[in-house]
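The working numbering applies: residue 8 is where the sequence shown begins, and numbers increase by one. Even for Gly, the Cβ is constructed at its ideal location relative to N, Cα and C. All of these numbers come straight from a predicted model, not from anything done at the bench.
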Amino acid sequence: MFGIFGGWGALLAIGMPVAFTLYVVSIIYLLTNGGIALASQKIIAGLNSFPLLAVPFFIFSGLLMNSAGITDKMFKFARDLTGHLTGSLGHVNVLASLLFSGMSGSAHADAGGLGQLEIKAMRDEGYDDGFAGAITAASSVIGPLMPPSIPIVIYGVMSGASIGALFLAGVVPALLCAVSLMVMVYFIAKKKGYPVYPRASFKTICYSFKDASLALMTPVLIIGGIFSGIVTPTEAAVVASLYAMFLGFVVYRELTVSRFLEVVHESVNTSAVIGFLIGGVGLFGYVIVKEDIPLKAAELFLQVTDSPFVFLVLVSVMLFILGAFIETLALLLILIPILLPVTVQLGIDPVHFGIVVVMNMMLGILTPPMGVSLFVVAKVGKIPYEVLARSVLIFLVPLIIVLAIIILFPQMVMFLPNYFL
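If you want it as structure tokens, here you go:
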């Protein structure tokens, strides 16, 4: 066990991409211990999943939404609703992310799609770059908690948990994240004296809602379709893509053929990277099962504690530390097969555990030095990474508090799945 993870850690330390480390370690192990003939079979087995087909379609639909003029409409609607509050554009930033999360399912799509628009607006109104970039990065974590969520789909495929139940379970934590970030924005804005927008009239709010209403229907179509039994999560992803094309080409008419082809190209590239990683995890998973690592890990954790609460705290601390150095999606794919047997023995609901894990992943994308959202926001907002890394730390506090709440009170996560399913 130590040889496998020691070799993996050494390859990471010299800068090899995570996906390649999984293939290299696994192939070396199989060459020296037998079983190399099964390598291709295990890679294909890792990818051979119908629910996993939802991932490229959700990526595609999110990118289409970014390119169809929807981000501008979301931002305007959010500004009309909350622009008059203390913190003004900070609240608008969070609310826009909450609204857009129901379409993209990805923190990177949120940070990249809304980031440039939000940071420019905040910069023009006198907000400092650190605050503007930090709240943009922090609010992007809402995306992977709200349905449709790409990390939740991947976790559901790996764990066998109901993707529909996971979608519902993420709603309350996403709302808690939004509220907690807005509270932090209020106190920072009050201290720094940031400007506010005049209160929008009811007529203006209604007009901007009408302008954004068709886009806001996307999560309704996805969740409604799944829970009415009309479509599976994979089919819902296809429906979301077709709906995004309809909005871009027919309704808003802001999606051009050339931009559409760029979206297709970008979607294929992103999906290929994720697929390559998942294939590597399928092979690596075979190696760790062959070595009985999940069983050994379960025994190790159970020697330390038999308390579900303590286990979730230990896992959260471990994921927070590792997430600062390892790409979070890779971390999810590698650790879930190891940790799931422990949750079964401790009686932890896999849906609750999934939301805790995804929440930890989102903290990882905000944590220097490897916080991916920080790099995305720094690039689109033209903000020095060092400034952003310092400024975002204050926003980790409310998010960690939300994580503690959902660990302490699992019923807050399970309320909606238990009510509707």
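Between which two residues does the alpha helix (DSSP H) containing residue 279 stretch?
264 to 297
Cβ neighbour criterion (16 or more within 10 Å) applied to residue 389
exposed
Report, in whole angstroms, the separation of the C-beta atoms of residue 301 and residue 343, which I expect to be a contact under 8 Å.
At roughly 10 Å, the Cβ-Cβ gap does not stay under 8 Å, so residue 301 and residue 343 are not in contact.
Would you call residue 317 buried or exposed, if buried means 16 or more other Cβ atoms sit within 10 Å of its Cβ?
exposed
Rounded to the nearest angstrom, how far is the Cβ of residue 233 from that of residue 163, given a contact under 8 Å?
Not confirmed; about 12 Å, so no contact.
Through-space distance from residue 193 to residue 226, alpha-carbon basis
28 Å
So does the region 348 to 356 actually touch the region 100 to 108, counting three or more Cβ pairs closer than 8 Å?
no
With a CB to CB cut of under 7 Å and the five nearest residues on each side skipped, what residues in its chain are close to residue 360?
350
Does DSSP put residue 130 in a helix, a strand or coil?
helix
Is residue 185 near residue 402, with beta carbons less than 7 Å apart?
no
Going along the chain, which unbroken runs of the alpha helix (DSSP H) with 4 or more residues stay wholly within the region 38 to 111?
46 to 54, 61 to 74, 77 to 89 and 96 to 111
Integer-rounded CB distance, given that residue 25 should sit under 8 Å from residue 298
Actually they are not in contact, since the Cβ atoms of residue 298 and residue 25 sit about 20 Å apart, beyond 8 Å.
Residue 203: which of 272, 176, 296 and 87 sits nearest, CA to CA?
87
Contacts around residue 293, its chain only, beta-carbon distance under 6 Å, and the 5 residues preceding and following it disregarded:
49
Report the CB separation of residue 201 from residue 134 in whole angstroms; it is logged as a contact under 8 Å.
6 Å
Assuming residue 62 and residue 149 are in contact, meaning their beta carbons sit under 8 Å apart, how far apart are those beta carbons, in whole angstroms?
With a Cβ gap of about 19 Å, residue 62 and residue 149 do not count as contacting.
Helix, strand or coil at residue 314 according to DSSP, with G and I counted as helix
coil
Out of curiosity, what's the CA-to-CA distance linking residue 76 and residue 131?
21 Å
Unbroken alpha helix (DSSP H) runs of length 4 or more, entirely within the region 329 to 377: which are they?
335 to 353 and 357 to 371
Along the chain, where does the alpha helix (DSSP H) that runs through residue 152 open and close?
From DSSP, residue 152 is part of no alpha helix (DSSP H); its letter is neither H nor E.
Would you kindly report the start and end of the unbroken alpha helix (DSSP H) that includes residue 259?
Element bounds for residue 259: n/a, residue is neither H nor E.
Taking DSSP as the reference, what is the three-state secondary structure of residue 138?
helix
Identify every run of the beta strand (DSSP E) within the region 185 to 257, keeping only runs that are complete inside it and at least 3 residues long; order them along the chain.
none
In chain order, what residues of the same chain have a beta carbon less than 6 Å from the beta carbon of residue 125, not counting five sequence neighbours either side?
100 and 143
Own chain residues within Cβ distance below 8 Å of residue 385, not counting five before or after:
140, 391, 392 and 395
Would the region 400 to 414 count as touching the region 368 to 375 if we require 3 or more Cβ pairs under 8 Å?
yes
Sorted by chain position, which residues of the same chain lie with C-beta nearer than 6 Å to residue 218's C-beta, five sequence neighbours on each side aside?
80
Classify residue 85: buried if its beta carbon has 16 or more other beta carbons within 10 angstroms, exposed otherwise.
buried
Can you look up residue 166 in the DSSP assignment and give me helix, strand or coil?
helix
Euclidean distance between Cα positions of residue 197 and residue 93
7 Å
Residue range of the alpha helix (DSSP H) that includes residue 177
Careful: residue 177 lies outside any alpha helix (DSSP H) and carries neither H nor E.
Three or more C-beta pairs closer than 8 Å, one from the region 264 to 280 and one from the region 309 to 324: is that the case here?
no
At the level of alpha carbons, what is the spacing between residue 364 and residue 424?
17 Å
Quick check on residue 180: buried or exposed, where buried means 16 or more other Cβ atoms within 10 Å of its Cβ?
buried
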